[in-house]
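If you use mature numbering (1 follows the signal peptide of the UniProt record, and there is no 0), the sequence shown corresponds to residues -28 to -1, 1 to 386, in order.
Glycine residues also receive a C-beta, built at the ideal position from the N, C-alpha and C atoms.
To keep things clear, I will list the structure first and then write my remarks on it.
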Amino acid sequence: MPKVFVNSVRPLGVVALAALLISGCQKSADEAPKKPGGGAPEVGVVTVGTADAPMELALPGRLSASQVAEIRPQVSGVVMKRLFTEGALVKAGQPLYQLDDAALAAERARTAAALQKAEAQAAVAKTKAARDAELLKADAISRQQADDSAAALLQAQADVAVARAAMDAAQVQLTRARIASPIAGRVDISTVTAGALVTANQTQALTTVQQLDPMQVDIVQSSTEMLTLRRQLEGKGGSKQVKLVLEDGTAYPLPGQLTVNGVAVDRGTGAVTLRATVPNPQGLLLPGMVVTAKLVAGVDAGAILVPQQGVSRSATGEATALVVGEGNKAERRRLKLERAVGNQWLVTEGLKVGDKLIVEGLQRARPNQPVTPVPAGSSPKKKGEGKGEGKGDKAGGPAPAAPAASAASAAKAG
């Protein structure tokens, strides 16, 4: 019997011990020190002010070479040699192809001989005309004969001019057998090789030379926006400087300059083409690349700019923010945003100068609930603080299940 009594008391002691542990944990939780401000969560705020915001326009554009020369033969012949390296830089006047010029050289020699013959005939005509002029003075010949000699001299001199022009034309054709680049730039891939027969002024180009420094950017804009942009550029703060953003999102380091405005509106699209010139000393920009051109059309003085991390959007896309209102209570504001300026939003409605915008601790702030505002960045978060509080808010409050579990484990061990 005594043995049975001892075994029945033992479970009662374990239960009592577990109750004491639970009571102690609850008491410790109740006596835990409260956060400053009567338990209101601490949030980082910035005071809303004004600043000058550049009125920057981002427009799509396409790059093109500042000069393009399609190399075509001006005489017919067989390509004897290619005189350049594909993809290399060439100078203006640098030879690119050599054509077979044997026939052209022969024509040049023929015309040179014809010129010599004409000059000899002109010399004979000149001598005869001078002699007949002296004989006419002595009445040894008739005036008709003297006039015929003078006319023959003039005809011989004209024949010399014709022969010289023919020789010059033959020389030009001979020179064209050596095809040169008319501009300086980078030469493209050759479409022909040695031995190919080419014809004068053929449709297919032998190669293309493009001047890649500077480059041109063609920017398309609607005629309505063009009028607005022109007024803004002429106003205070307007600049014709153009900055490029490449296809991978990186900013091109060298700014360009707006140089040409379109002189006509496209009837089909109602758009006007603007052209900017951009330096390209490293050859990073290539023709055909699509870029984003940013133009500073002016400055919006006294604009309200706020950090983007302080603005959120609802499921419907409405922009909202939390500010510290009366009694240090969080207040939700609906905002109207005009555009992004760097890492800030330009706000036109919903905020005023002097408002305290919450940018840190947003997960702990609730509308119409008290908060403890501190300057943003002045109170660094402790390790795991933001993560733990976010989970607690989502669950609806703390869950003191851990102490009870510990007590049950102790009872089982006993």
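Using a Cβ-Cβ cut-off of 8 Å (strictly less than) and excluding sequence neighbours within five positions of Met139, which residues of its own chain qualify? The residue labelled residue 139 in the question sits at position 167 within the sequence shown. Within its own chain, the residues whose Cβ lies closer than 8 Å to the Cβ of Met139, once the five positions on either side in sequence are excluded, are Arg80, Thr83, Ala84, Ala86 and Leu87, listed in chain order.
What is the rounded straight-line gap between the Cα of Arg305 and the Cα of Glu332? Locating residue 305 in the sequence shown gives position 333, counting from the first residue. Locating residue 332 in the sequence shown gives position 360, counting from the first residue. Near 16 Å, if we compare the C-alpha coordinates of Glu332 and Arg305.
Check whether the segment 277 to 287 touches the segment 236 to 251, counting contact only when three or more Cβ pairs, one atom from each stretch, lie closer than 8 Å. The segment 277 to 287, when compared against the segment 236 to 251, does not touch it at the 8 Å Cβ threshold.
Buried versus exposed, by CB contacts within 10 Å (16 or more), Gln127: In the sequence shown, residue 127 corresponds to position 155, counting from 1. With fewer than 16 other Cβ atoms within 10 Å, it is exposed.
Own chain partners of Asp104 with C-beta closer than 7 Å, once the 5 adjacent residues on each side are dropped: Residue mapping note: residue 104 aligns to position 132 of the sequence shown, counting from 1. Cβ neighbours of Asp104 beyond the five flanking positions: Ile113, Gln117, Ala118 and Ser121.
Beta strand (DSSP E) segments (min. 3 residues) lying fully within the segment 19 to 87: Within the segment 19 to 87, the complete beta strand (DSSP E) runs of at least 3 residues are 22 to 43, 49 to 54 and 67 to 71.
Per DSSP, the bridge partner or partners of Arg148: Locating residue 148 in the sequence shown gives position 176, counting from the first residue. DSSP links Arg148 through a beta bridge to no other residue.
Identify, in the order they occur along the chain, each residue of the same chain with its Cβ nearer than 6 Å to the Cβ of Ala142, setting aside the five sequence neighbours on each side. Along the sequence shown, one-based indexing puts residue 142 at 170. A distance below 6 Å between beta-carbons, with the five flanking residues on each side excluded, links Ala142 to the following residues of its chain, in chain order: Glu79, Arg80 and Thr83.
Helix, strand or coil at Gly299 [DSSP, three-state]: Position 327 of the sequence shown, counting from 1, holds the residue named residue 299. Correct three-state label for Gly299: helix.
Own chain, CB closer than 8 Å to Pro8, minus 5 neighbours either side, in chain order: Within the sequence shown, numbered from 1, the residue matching residue 8 stands at position 36. Any reading at Pro8 must be qualified, since the residue scores a pLDDT of 47, below 50, and its modelled position is unreliable; no value is offered.
Quick one: what's got a C-beta closer than 6 Å to Val217's C-beta in the same chain, skipping five residues either side? Looking up residue 217 in the sequence shown gives position 245. Excluding residues within five positions, the ones whose Cβ falls inside 6 Å are Ala223 and Thr264.
Pull up the CB-CB distance for Arg34 and Gly260, whole angstroms please, since I reckon it's below 8 Å. Position 62 of the sequence shown holds residue 34. Position 288 of the sequence shown holds residue 260. That pair is a contact at about 7 Å.
Identity of the residues DSSP links to Ile276 by a beta bridge: For the purposes of this step, residue 276 is identified with residue 304 of the sequence shown, where counting begins at 1. BP columns for Ile276 point to Thr22 and Val319.
By the 10 Å Cβ neighbour count, where 16 or more other Cβ atoms means buried, how is residue 422 classified, buried or exposed? Look at the range of the chain in this structure, -28 to 386, and you will see that residue 422 is not part of it.
Take the Cβ of Lys359 as the centre, count every other Cβ of all protein chains shown within 10 Å, and call the residue buried at 16 or more, exposed below. As a first step, residue 359 is located in the sequence shown; it is residue number 387 there, counting from the start. For Lys359, the predicted model reports a pLDDT of 43, less than 50, meaning its position is unreliable and no value from the coordinates is stated.
Presumed contact (8 Å Cβ cut-off) between Asp185 and Pro227, rounded CB distance: For the purposes of this step, residue 185 is identified with residue 213 of the sequence shown, where counting begins at 1. For the purposes of this step, residue 227 is identified with residue 255 of the sequence shown, where counting begins at 1. 15 Å between Cβ atoms; not a contact.
For Lys363, count the other beta carbons within 10 Å of its own beta carbon; 16 or more makes it buried, fewer makes it exposed. Which is it? Position 391 of the sequence shown, counting from 1, holds the residue named residue 363. With a pLDDT of 39 at Lys363, under the threshold of 50, the predicted position of this residue should be treated as unreliable, and no value is reported.
Along the chain, which unbroken stretches of the beta strand (DSSP E) at least 3 residues long are found entirely within the segment 145 to 195? Counting only runs of 3 or more residues that sit fully inside the segment 145 to 195, the beta strand (DSSP E) segments are 150 to 152, 157 to 159 and 179 to 194, in chain order.
Where Leu108 and Arg115 are concerned, what is the direct C-alpha to C-alpha distance, given to the nearest angstrom? Your numbering for residue 108 matches position 136 in the sequence shown. Your numbering for residue 115 matches position 143 in the sequence shown. Cα-Cα distance, rounded: 6 Å.
Between the C-alpha atoms of Gln183 and Met27, what's the straight-line distance to the nearest angstrom? Within the sequence shown, residue 183 is the residue found at index 211, counting from 1. Within the sequence shown, residue 27 is the residue found at index 55, counting from 1. Gln183 and Met27: Cα-Cα distance of roughly 33 Å.
Does the beta-carbon of Leu307 have 16 or more other beta-carbons within 10 angstroms, so that it is buried, or is it exposed? Numbered from 1 along the sequence shown, position 335 holds the residue referred to as residue 307. Leu307 is buried by the Cβ-count criterion.
At the level of alpha carbons, what is the spacing between Ala177 and Lys266? Along the sequence shown, one-based indexing puts residue 177 at 205. Along the sequence shown, one-based indexing puts residue 266 at 294. Spanning the alpha carbons of Ala177 and Lys266 requires a straight line of approximately 36 Å.
What are the start and end residues of the beta strand (DSSP E) that includes Val244? Locating residue 244 in the sequence shown gives position 272, where the first residue counts as 1. From DSSP, the beta strand (DSSP E) with Val244 extends over Ala243 to Val250.
Name the one or two DSSP bridge partners that Arg304 has. As a working note, residue 304 is residue 332 in the sequence shown. In DSSP, Arg304 forms a bridge with Leu294.
Run through DSSP, which three-state label would Val283 get? On the sequence shown, residue 283 is found 311 positions in, with the first residue counted as 1. Val283 falls in the coil class under three-state DSSP.
Reference Gln46, options Ile330, Ala172, Lys215 and Leu294, closest by Cα: Residue 46 sits at position 74 when you count from the first residue of the sequence shown. Gln46 has its Cα closest to that of Ala172, out of Ile330, Ala172, Lys215 and Leu294.
Have a look at Gln281 and Ala293 and give me their C-alpha separation to the nearest angstrom. Locating residue 281 in the sequence shown gives position 309, counting from the first residue. Locating residue 293 in the sequence shown gives position 321, counting from the first residue. Take the alpha-carbon of Gln281 and the one of Ala293: they are about 10 Å apart.
Excluding sequence positions up to five away, which residues of its chain have a Cβ less than 8 Å from the Cβ of Asp160? Walking along the sequence shown from the start, residue 160 turns up at place 188. Excluding sequence neighbours, Asp160 sits near Glu58, Gly59, Thr179, Thr180, Val181 and Gln182.
Identify which residue in Pro32, Ala77, Arg54 and Ala74 has its Cα closest to the Cα of Pro67. Residue numbering aside, residue 67 sits at position 95 when the sequence shown is read from its first letter. Nearest option by C-alpha distance: Arg54.
DSSP three-state assignment for Arg311, whether helix, strand or coil: Start at 1 with the first residue of the sequence shown, and residue 311 comes out as number 339. Here Arg311 carries a strand assignment [DSSP, helix/strand/coil].
Helix, strand or coil: how does DSSP classify Lys98 here? Counting from 1 along the sequence shown, the entry for residue 98 is found at position 126. Of the three classes helix, strand and coil, the one that applies to Lys98 here is helix, per DSSP.
Can Gly274 and Thr22 be called in contact, C-beta distance under 8 Å? Counting from 1 along the sequence shown, the entry for residue 274 is found at position 302. Counting from 1 along the sequence shown, the entry for residue 22 is found at position 50. In this structure, Gly274 sits near Thr22, with a CB-CB distance shorter than 8 Å.
Look at Gly157 and Gln316 and say whether their C-beta atoms are less than 8 Å apart. Start at 1 with the first residue of the sequence shown, and residue 157 comes out as number 185. Start at 1 with the first residue of the sequence shown, and residue 316 comes out as number 344. Their beta carbons are not under 8 Å apart, which means Gly157 does not touch Gln316 by this criterion.
Beta carbon of Lys324 nearer than 8 Å to that of Val296: Locating residue 324 in the sequence shown gives position 352, counting from the first residue. Locating residue 296 in the sequence shown gives position 324, counting from the first residue. Going by C-beta atoms, Lys324 is not nearer than 8 Å to Val296.
Which term fits Ala1, buried or exposed, when burial requires 16 or more other beta carbons within 10 angstroms of its beta carbon? Counting from one through the sequence shown, the residue named residue 1 turns up at place 29. Per-residue confidence for Ala1 stands at a pLDDT of 41, beneath the threshold of 50, marking its modelled position as unreliable; the derived number appears in the next sentence. In summary, Ala1 is exposed, with fewer than 16 beta-carbon neighbours lying within 10 Å of its beta-carbon over all protein chains present.
DSSP three-state label for Leu126, please. As a first step, residue 126 must be located in the sequence shown, where it is residue number 154. Residue state, collapsed to three classes: helix.
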